[in-house]
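Working notes, structure below.
2 protein chains.
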Amino acid sequence: MTSTLIDPATLPGWSTDPAARAAARLDRSGFDPGSDPDAVVVAGSVDEVAAVLAHANATGTPVVVRGAGSGLSGGAVAGAGSIVLDLTGLDRIVEISPADEYAVAEAGVITADLDAAAAAHGLRYAPDPASLAISTIGGNIATNAGGLRCAKYGVTRDSVLGLDVVLADGRRIATGRRTVKGVAGYDLTGLFVGSEGTLGVVVGATLRLRPAPVATATLAAWFDGIGAAAAAAAAITAARLQPSVAELLDTACLTAIADAGGPAPRGGAFLLVQTDGFGADAEIDAVRAVVEPLAGSVDVAADPAGAEALLATRRAGLPALERLGRVLVEDVAVPRSRLADAVDAIAAISARSGIRIATMAHAGDGNLHPILVLEPGRELDEHVWACAGEVFTTALRLGGTLTGEHGVGLLKRRWLRDELGDDVVDLQQQLRAVFDPRGVLNPGKAI
Amino acid sequence: MTSTLIDPATLPGWSTDPAARAAARLDRSGFDPGSDPDAVVVAGSVDEVAAVLAHANATGTPVVVRGAGSGLSGGAVAGAGSIVLDLTGLDRIVEISPADEYAVAEAGVITADLDAAAAAHGLRYAPDPASLAISTIGGNIATNAGGLRCAKYGVTRDSVLGLDVVLADGRRIATGRRTVKGVAGYDLTGLFVGSEGTLGVVVGATLRLRPAPVATATLAAWFDGIGAAAAAAAAITAARLQPSVAELLDTACLTAIADAGGPAPRGGAFLLVQTDGFGADAEIDAVRAVVEPLAGSVDVAADPAGAEALLATRRAGLPALERLGRVLVEDVAVPRSRLADAVDAIAAISARSGIRIATMAHAGDGNLHPILVLEPGRELDEHVWACAGEVFTTALRLGGTLTGEHGVGLLKRRWLRDELGDDVVDLQQQLRAVFDPRGVLNPGKAI
Chain A
170 MTSTLIDPAT LPGWSTDPAA RAAARLDRSG FDPGSDPDAV VVAGSVDEVA AVLAHANATG
230 TPVVVRGAGS GLSGGAVAGA GSIVLDLTGL DRIVEISPAD EYAVAEAGVI TADLDAAAAA
290 HGLRYAPDPA SLAISTIGGN IATNAGGLRC AKYGVTRDSV LGLDVVLADG RRIATGRRTV
350 KGVAGYDLTG LFVGSEGTLG VVVGATLRLR PAPVATATLA AWFDGIGAAA AAAAAITAAR
410 LQPSVAELLD TACLTAIADA GGPAPRGGAF LLVQTDGFGA DAEIDAVRAV VEPLAGSVDV
470 AADPAGAEAL LATRRAGLPA LERLGRVLVE DVAVPRSRLA DAVDAIAAIS ARSGIRIATM
530 AHAGDGNLHP ILVLEPGREL DEHVWACAGE VFTTALRLGG TLTGEHGVGL LKRRWLRDEL
590 GDDVVDLQQQ LRAVFDPRGV LNPGKAI
Chain B
170 MTSTLIDPAT LPGWSTDPAA RAAARLDRSG FDPGSDPDAV VVAGSVDEVA AVLAHANATG
230 TPVVVRGAGS GLSGGAVAGA GSIVLDLTGL DRIVEISPAD EYAVAEAGVI TADLDAAAAA
290 HGLRYAPDPA SLAISTIGGN IATNAGGLRC AKYGVTRDSV LGLDVVLADG RRIATGRRTV
350 KGVAGYDLTG LFVGSEGTLG VVVGATLRLR PAPVATATLA AWFDGIGAAA AAAAAITAAR
410 LQPSVAELLD TACLTAIADA GGPAPRGGAF LLVQTDGFGA DAEIDAVRAV VEPLAGSVDV
470 AADPAGAEAL LATRRAGLPA LERLGRVLVE DVAVPRSRLA DAVDAIAAIS ARSGIRIATM
530 AHAGDGNLHP ILVLEPGREL DEHVWACAGE VFTTALRLGG TLTGEHGVGL LKRRWLRDEL
590 GDDVVDLQQQ LRAVFDPRGV LNPGKAI
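Chains A and B, in that order, are what the protein sequence lines are.
So the number in our numbering is just where the residue sits in the first sequence, counting from 1, plus 169.
So the number in our numbering is just where the residue sits in the second sequence, counting from 1, plus 169.
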């Protein structure tokens, strides 16, 4: 084997240029490894990915796979001693099958580009992480990214039919299939999704596409406070309605939006609901009927322009917070019935710690994004992490999880055993060793 | 450890009675291991499951887990040298959470019973394998069972949030979570689903429930032949409609139904379509519009009684075939666009082999059930398996899979490398060894 090894330094995409290495050091997590990676290699083909891995495996060199670098958990940060394998050059949409409603895409394809290509056939790629305009399919798969439409359409895993993977030693395998169903062998596809670059390098995927809905209806409601808004979300569930989107903003979000000159708040909490499909209008009427008794005011959009106006408040949330300082976007999930408890507990953590925390939540699936806002000049110090840690343990105490859709990366590793238990973490480490016996794939991350 | 081992022969559920052993030897696959298992133990609790496994692991005794014995791939057959661990006594529905739309159930709960319990809250358990009145949740999880509603609502995996598992050495772990989203650690839940009793013993599950649809609409269409029916199914897809059910019967099925005194055929192929939700009626009208130009006749049910009348043809299929002789229910899947090719190829295999094959298909997801009907007195001989093998290789040639929803079990092992390739099978065997290093869990099955 070693006689056929190609030195990655001979590849056209190889660089040890200081600027290239510095650009590949960070992601959007706020975590700094303290040094630059030794080199960056922009893969020009799957064969080059295989060559890089075979060499890294033979030499014991850590490899950090990088897409758009938009991750929020530190999964793609890379320091001295490692090389960064950049997949953004693998950006071909290989196939769209309108008849079988799937797409085959390379890992570096931007998620929004795939969705746009699907739209030309009346289809859509359902997962819609907030980063979709910049993040890649490969990165979405690495973290099992979610988005706004998950409660109805599932997370990334639910849209991945199969994967093309390069193993740590450079061998290539295909997992899954192009059919909707299949149960031949263990679900390796599911194992790779969410594995954050630690089991193999996903270079391509067969992705399920779904019919674009014939209609979408939009409702916005304002409430006195988070308790009433959460009660409204619970009432929607209790009425057995299934919105495609149900987004909740707390008072801290609404205040920041107003301070930024955005839509004026009409209450202390905001809930945005969308329904879709042939029954969108009938279902939004049913939503209105259960929400209205709990709300201060309710608007249903009459047309797409009206829907955009209602969506503006939700969209204004993160930019308004980013104006105030550096943000740490957290990502916990709880059973939906504990949403109000979670938001209240997070507000109490904010008050105790003195760190401003605003919470946006995907109310339909119980996924909360508490956003820690640091005053200008403040670093991500231990006090900030302790505050984030309180948020994590709150989610676990309420029966939830450390991470709904962003992944464990570097930032949440120290809490992982609290959620999973020692036996499960130990099993997962053994699984990791099956795929990567030499420990070259994103060492120190995820599990 | 050995000092604390409990001999399973001391458990109240233990039996070496010949009748009990004989009753645990077969499932519904038609495969006979040629001998009875050494013993059967009906577990009375999870602790007893753990005790059985710890002892089996220590002594190297093969354990075959059994639910209702309704499997069609031989995953639960058990011969001399093995003990059968029967989970049908673990039949408690532990919790239904209407607020969070999940259920916690033990492995031995009958699938239909869970669905009925959910219905009391306006919810349903979406996976609906044809065996749901007799099969168990644990068995459904072991094979990642499908059903009629998969194209819209997914397979069993898509409704499993978390699992309670006893490992081969008797340790207990919990996988997954009660939240809709979560990405902390590798997806062990997905790994256990479809693993056919080879990675651990699933003793309980947290299952996602979904709103029962407010309305369901039903359409039945008759066509000259399978080509037109498949074209109609393709037209439904091309119109970006999403039926909850789309079932196709071929001429051989319809002939058997008519011979059995069932509904008279009005063509050479039959397609049953259901839509559901707030837009069910509007969506069935859209289905009708695309199907009608291709069909000989189309009926849309006016009410539930009318829907039952249309469903009667589909329901009559398997019983009509079982009248004619012993049946071998196969289970392949192809990309939906290859449905007609697959049905045609299977008809040719039938003509060539002289073995009657009737095909029913879940047209919405490309899953076909070619049903081999053996004349009375005929055994499952090599000629029959060769014929089944031709069906499997046809599915692979068309870009499909050996098994859509029944599992590999014993019957399909010899074709598994053809689908997965050597590298993937080898990796899966290494994963298996992580969970079951002594090889006591259902040896010789699945991978």
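All residues carry an ideal CB built from backbone N, CA and C; glycine is no exception.
This one's a predicted model, so the numbers in the text were calculated from it and none came from an experiment.
Option nearest Val609 of chain B by Cα separation, candidates B:Thr228, B:Ala289, B:Val542:
B:Thr228
Determine, using beta carbons only, whether Phe361 of chain B and Val352 of chain B come nearer to each other than 8 angstroms.
no
Interface residues of chain A facing Gln597 of chain B [CB-CB closer than 8 angstroms]
Gly354, Tyr355, Leu357
Run through DSSP, which three-state label would Leu508 of chain A get?
helix
Say whether chain B places a C-beta atom closer than 8 angstroms to the C-beta of Asn536 of chain A.
yes
Proximity below 8 angstroms, CB of Leu332 of chain B to CB of Thr312 of chain B
no
Rounded to whole angstroms, what's the CA-CA distance from Thr196 of chain A to Ile405 of chain A? Just pull it up for me.
According to the sequence provided, residue 196 of chain A is Asp. The question's Thr does not apply to it. Approximately 37 angstroms, taken between the alpha carbons.
Are the region 391-399 of chain B and the region 365-383 of chain B touching by the rule of at least three beta carbon pairs closer than 8 angstroms?
no
Counting only C-beta atoms, is Asp327 of chain B closer than 8 angstroms to chain A at any point?
yes
Is Asp176 of chain A helix, strand or coil by DSSP?
coil
Please give me, in chain order, every unbroken run of the alpha helix (DSSP H) with length at least 4 that falls completely inside the region 268-299 of chain A.
280-288
Return no unless some Cβ of chain A is closer than 8 angstroms to the Cβ of Val593 of chain B.
yes
Could you tell me the alpha carbon to alpha carbon distance between Cys556 of chain A and Ala514 of chain A, rounded to whole angstroms?
12 angstroms
Please report the straight-line C-alpha distance between Ala623 of chain A and Gly475 of chain A, rounded to a whole angstrom.
One cannot answer for residue 623 of chain A here, as it falls past the ends of chain A, which runs 170 to 616.
Go ahead and label Ala403 of chain B buried or exposed: buried means 16 or more other beta carbons lie within 10 angstroms of its beta carbon, across all protein chains shown.
buried
Output needed for Phe561 of chain A: all residues of its chain with C-beta closer than 6 angstroms, excluding positions within five of it in sequence on either side, in chain order.
Leu571, Trp584
Quick one: is Glu264 of chain B buried, meaning 16 or more other Cβ sit within 10 Å of its Cβ, or exposed?
exposed
Below 7 angstroms between beta carbons is the criterion; list the residues of the region 435-452 of chain B that meet it against any residue of chain C, in chain order.
No chain C is part of this structure, whose protein chains are labelled A and B.
Going by alpha carbons, who is nearest to Val467 of chain B out of B:Asp534, B:Ala390, B:Gly431?
B:Ala390
In the DSSP assignment, the beta strand (DSSP E) including Glu264 of chain A goes from what residue to what residue?
262-266
When DSSP labels each residue in this structure, what does Arg483 of chain A get in the three-state scheme?
helix
Rounded to the nearest angstrom, what separates Leu497 of chain B and Glu574 of chain B at their Cα positions?
15 angstroms
Compute the beta-carbon to beta-carbon distance between Leu423 of chain B and Phe439 of chain B, rounded to the nearest angstrom, for a pair I have assumed lies under 8 angstroms.
6 angstroms
If we call anything under 8 angstroms between Cβ atoms a contact, is Leu388 of chain A one with Val459 of chain A?
no
Does the beta carbon of Ile310 of chain B come closer than 8 angstroms to any beta carbon on chain A?
no
Status (buried if at least 16 other CB within 10 Å, exposed otherwise) for Thr179 of chain A
exposed
Three or more beta-carbon pairs under 8 angstroms between the region 589-603 of chain A and the region 339-355 of chain B, yes or no?
yes
Gly308 of chain B: first and last residue of the uninterrupted alpha helix (DSSP H) it sits in
306-312
Between which two residues does the alpha helix (DSSP H) harbouring Ala415 of chain A extend?
Run containing Ala415 of chain A: none in the alpha helix (DSSP H); it sits in the beta strand (DSSP E), 414-418.
Do the CB positions of Leu493 of chain B and Val542 of chain B come within less than 8 angstroms of each other?
yes
Nonlocal neighbours in the same chain, by C-beta distance under 8 angstroms from Pro187 of chain B, ignoring five residues either side
Asp205
In whole angstroms, give me the CA-to-CA distance for Ser242 of chain B and Gly213 of chain A.
44 angstroms
Which value, in whole angstroms, describes the spacing of the CA atoms of Lys614 of chain B and Glu499 of chain B?
17 angstroms
Grab me the residues of Asn536 of chain A's own chain with a C-beta within less than 6 angstroms of its C-beta, minus the 5 sequence neighbours each way, in chain order.
Ala502, Gly573
Considering only residues of the same chain and omitting the five flanking positions on each side of Pro181 of chain B, which have a CB-CB separation below 8 angstroms?
Gly213
Give a yes or no on whether the minimum CB-CB distance between Arg377 of chain A and chain B is below 8 angstroms.
no
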